[in-house]
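Residues in the sequence shown are numbered from 1 upward in steps of one, following full-length UniProt numbering. One structure is given below, encoded as structure tokens.
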Amino acid sequence: MQDRNYPLFLYAAERMLYRMTEEDPKYMEVNREITTTRLGYEGELRSDQMLRRANLPLGSRVLHDLTVRVFGEDPIQIDTLVITRYFVFIIEVKNISGTLELEQQPALLKRTAQDGKVSYFQSPFIQLNLAVDTLTYWLLAQNIKIPVIGAVLLASKFAKPQFETGLPVHFIREIPDLLRKEMNNRPSMVDDAIVEWIASALRSQDEPYDQFPLGHHFNCSTEALYLEPLCTHCLGRLETRTNRMGTCVKCEKRQWIPYLETLVDYFLIFRKTATLTECSKFLNIGRTKTTQLMKSPLFLRRGETNRTSFELNRSSVQISRDGKLILPGGDE
Ligand SMILES: [Zn+2]
Numbered sequence: 001m002q003d004r005n006y007p008l009f010l011y012a013a014e015r016m017l018y019r020m021t022e023e024d025p026k027y028m029e030v031n032r033e034i035t036t037t038r039l040g041y042e043g044e045l046r047s048d049q050m051l052r053r054a055n056l057p058l059g060s061r062v063l064h065d066l067t068v069r070v071f072g073e074d075p076i077q078i079d080t081l082v083i084t085r086y087f088v089f090i091i092e093v094k095n096i097s098g099t100l101e102l103e104q105q106p107a108l109l110k111r112t113a114q115d116g117k118v119s120y121f122q123s124p125f126i127q128l129n130l131a132v133d134t135l136t137y138w139l140l141a142q143n144i145k146i147p148v149i150g151a152v153l154l155a156s157k158f159a160k161p162q163f164e165t166g167l168p169v170h171f172i173r174e175i176p177d178l179l180r181k182e183m184n185n186r187p188s189m190v191d192d193a194i195v196e197w198i199a200s201a202l203r204s205q206d207e208p209y210d211q212f213p214l215g216h217h218f219n220c221s222t223e224a225l226y227l228e229p230l231c232t233h234c235l236g237r238l239e240t241r242t243n244r245m246g247t248c249v250k251c252e253k254r255q256w257i258p259y260l261e262t263l264v265d266y267f268l269i270f271r272k273t274a275t276l277t278e279c280s281k282f283l284n285i286g287r288t289k290t291t292q293l294m295k296s297p298l299f300l301r302r303g304e305t306n307r308t309s310f311e312l313n314r315s316s317v318q319i320s321r322d323g324k325l326i327l328p329g330g331d332e
């Protein structure tokens with residue numbers, strides 16, 4: 001089981017927020033989505049911890065953040081998928097505290113917080129059923145016979161579920177027990193080679209849902225955003241007098257100007273593709289230095305020599321646990 005990646009959406013939205021003013025009409029919305037995404041990510045990390053304790057049989061595979069596409073249907077997102085010889089298990093984590101109830105017609109999850117504030121979310125059971133159906137259909141198309149099951153897992157200790165009985169919902173600390181029971185009660189359906197095949201076939205059809213650039217996603221006017229580099233330590237604004245060093249106006253740390261991080265911001269927040277001239281203009285540095293930077297594996301080059309454009313190489317963008325861009329090849 002690999003470690004779950006820090007969500008790129010969270011990384012980009014945080015950096016976008018630091019480039020906004022609090023008066024920006026989209027500030028609250030971006031801030032809200034950051035909170036929701038962070039809560040979701042933290043819930044998934046806790047569920048991963050429980051999965052490690054489940055001691056899955058050797059040969060089992062766990063996939064994170066999967067997008068499954070079936071011809072003619074909308075793609076579905078699966079946060080955690082456990083593939084064993086006995087079954088395929090979808091884990092739908094909900095990190096929501098408070099009293100939880102289901103409303104029908106339309107199906108919604110109603111949360112009443114401790115202070116009495118009521119909010120509504122998509123029904124996790126509808127999401128789960130959709131994922132089970134889509135994956136069942138996908139496996140059928142590959143001619144693999146294995147049951148697809150799943151459950152909604154509550155990550156918050158402060159969740160008080162008040163659902164009708166019989167619904168597939170548990171607290172995440174029940175994960176090891178839950179999987180053990182299912183394994184004891186079900187026959188082995190496929191061998192380890194098929195488990196491996198399912199995992200790699202699902203991975204190779206996976207195309208992450210593209211929310212970038214975020215300016216477009218949030219329908220926000222990027223003209224008002226702060227364009228200069230952000231501090232490597234605290235995301236404060238960097239005061240730059242030369243082309244090499246800058247000083248953070250917030251934490252006052254003096255540092256090398258983080259050009260690569262700034263370029264990655266450009267593609268995550270402002271635009272999907274850009275020419276060398278546009279990148280050089282954005283960074284406010286010469287073409288020679290920009291050409292050097294664009295050689296980083298973080299970017300992909302497209303098109304003929306005289307009409308080259310660049311875009312982000314999503315597969316080489318990695319974010320550390322504490323939300324920092326990991327530069328390929330170490331420090332520069
Ligand atoms: Zn700083």
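No residue lacks a Cβ here, since even glycine has one placed at the ideal position from N, Cα and C. Source: prediction; values computed, not measured.
Please classify residue i as buried or exposed, where buried requires at least 16 neighbouring CB atoms within 10 angstroms.
i      : result
MET245 : exposed
GLY98  : buried
PRO297 : exposed
PHE71  : exposed
THR291 : exposed
ASP191 : exposed
ASP265 : buried
THR35  : exposed
GLU23  : exposed
SER315 : exposed
PRO213 : buried
SER60  : buried
THR84  : buried
ALA193 : exposed
ASN306 : exposed
SER188 : exposed
SER280 : buried
MET28  : exposed
TYR41  : buried
Go through its chain and collect everything with a Cβ distance to residue i's Cβ below 7 Å, but skip five positions before and after it.
i      : result
GLU44  : ARG4, ASP79, THR80 and VAL93
ALA113 : GLY98
LEU167 : PHE125
ASP331 : Confidence is the limiting factor: at ASP331 the pLDDT is only 48, short of 50, which leaves the residue's position unreliable and the question unanswerable from this model.
With DSSP as the reference, label residue i as helix, strand or coil.
i      : result
HIS170 : strand
SER119 : strand
CYS231 : coil
GLN292 : helix
GLU332 : Summary for GLU332: the model assigns pLDDT 43, below 50, so the residue's position carries little reliability; its value from the coordinates is reported in the next sentence. If DSSP states are grouped into helix, strand and coil, GLU332 belongs with coil.
PHE9   : helix
SER280 : helix
LYS160 : strand
ARG314 : helix
THR99  : strand
THR165 : coil
SER309 : strand
ARG15  : helix
ARG203 : helix
LYS324 : coil
ILE319 : strand
ARG301 : strand
GLN2   : coil
ASN184 : helix
PRO176 : helix
Looking only at DSSP bridge pairs, what is residue i linked to?
i      : result
PHE89  : VAL82 and ILE149
LYS110 : GLU101 and TYR120
LEU225 : DSSP, once it has assigned bridges, lists no residue as partnering LEU225.
ARG94  : In the sequence as displayed, the identity of residue 94 is Lys instead of Arg. DSSP, once it has assigned bridges, lists LEU154 as partnering LYS94.
Which same chain residues end up closer than 8 Å to residue i when comparing Cβ atoms and leaving out the 5 residues on each side of it in sequence?
i           : result
VAL88       : LEU81, VAL82, LEU135, LEU139, ILE146, PRO147, VAL148, ILE149 and ILE198
residue 338 : Residue numbering for the chain in the displayed model covers 1 to 332; residue 338 lies beyond these limits and cannot be assessed.
LEU276      : ARG287, THR290, THR291, MET294, THR308 and PHE310
ILE172      : GLY43, ARG46, SER47, MET50, VAL93, LEU153, LEU154 and ALA155
ARG52       : MET1
GLY323      : TYR6, LEU10, TYR11 and GLU14
ILE175      : SER47, MET50, LEU51, ARG53, ALA54, ILE91 and LEU153
ILE285      : ASN243 and TYR259
Considering only residues of the same chain and omitting the five flanking positions on each side of residue i, which have a CB-CB separation below 6 Å?
i      : result
LYS250 : CYS234 and GLY236
HIS217 : GLN211
ARG321 : none
THR232 : GLN255 and PRO258
LYS253 : HIS233
PHE121 : LEU109
CYS220 : LYS26
PRO229 : LEU238, ILE257, PRO258 and THR262
GLU101 : LYS110 and GLN162
Does any residue of chain D bring its CB to less than 8 Å from the CB of residue i?
i      : result
GLU239 : This model lacks chain D altogether, as it is built from one protein chain only.
Confirm the yes/no value for this check: CB of residue i, any heavy atom of ligand 3, distance under 7 Å.
i      : result
HIS170 : Among the ligands in the structure shown, ligand 3 does not appear; only ligand 1 can be found there.
Q) Which runs of the beta strand (DSSP E) spanning at least 3 residues fall entirely within the segment 26-79, listed in chain order? A) As far as the segment 26-79 is concerned, its whole beta strand (DSSP E) runs of at least 3 residues are 61-68.
Q.
Report the start-end ranges of each beta strand (DSSP E) in the segment 238-276 that is 3 residues or longer and not cut off at the edges.
A. Correct list: 238-240, 245-248, 254-256 and 273-275.
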